[in-house]
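Read in order, the letters of the sequence shown are residues 1196 to 1340 in the working numbering. From the three backbone atoms N, C-alpha and C, an ideal C-beta is built for every residue, glycine too. Predicted, not measured: the structure shown is a model, and the values here were computed from it. Working notes, beginning with the structure itself.
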Amino acid sequence: MKQEHYQKSIIVNGTTAEAFERICQVDGWWAKNLEGNTEKATDVFTVHFGTTFVTFRITEAVPEKRIVWLVTDCYLPWLKNNKTEWNGTRVIFDITPVAEGTRIDFTHEGLTPQAECYENCRVGWDCHLEKGLQSLVNIGVGEPQ
């Protein structure tokens, strides 16, 4: 059975440089409670949502093109079976110029329909990408939690 990783594409009005910069401003579009650095390869950061946390290491950062975060630790307390289900997954942003501005192709590699958190996480990522990141790039204000 083929695994389908969560994917979503958004179009933003900004340039590829602006999109990359805003993606790196994690506390401006996703998580207000952030520790660490979020801009270059080898940076490590943790986002907190109450008792939930996720720690990432940036494994790839190519300005204006791509950024990849590896989940090195997490605690997802609402899950029944595996509260560290995201460990070892990767969050990937591919950035491409298009006629309308810039396309951001987002993939959470390892977040598949077979994952316990898939449906809740899919809804969450949709919201953070559309209301958070897209808004931050387009109008300068995101909706981080």
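- Around the Cβ of Gly1283, a 10 Å sphere holds fewer than 16 other Cβ atoms; the residue is exposed.
- Excluding residues up to 5 positions away in sequence, Lys1203, Ile1205, Phe1301 lie with their Cβ nearer than 7 Å to the Cβ of Leu1324 in the same chain.
- Boundaries around Gly1231 are those of the beta strand (DSSP E), 1228-1231, since no alpha helix (DSSP H) includes it.
- Segment contact: the segment 1326-1338 against the segment 1308-1318, fewer than three CB-CB distances shorter than 8 Å; contact not assigned.
- The Cβ atoms of Thr1254 and Leu1265 lie closer than 8 Å to each other.
- Between Thr1297 and Ile1290 a beta carbon distance of about 6 Å is seen, short of the 8 Å cut, so the two are scored as contacting.
- The alpha-carbon separation between Gly1245 and Cys1269 amounts to approximately 13 Å.
- Taken through DSSP and simplified to helix, strand or coil, Gln1202 comes out as strand.
- The shortest CA-to-CA distance from Arg1261 to any of Lys1275, Trp1225, Glu1216 is the one to Glu1216.
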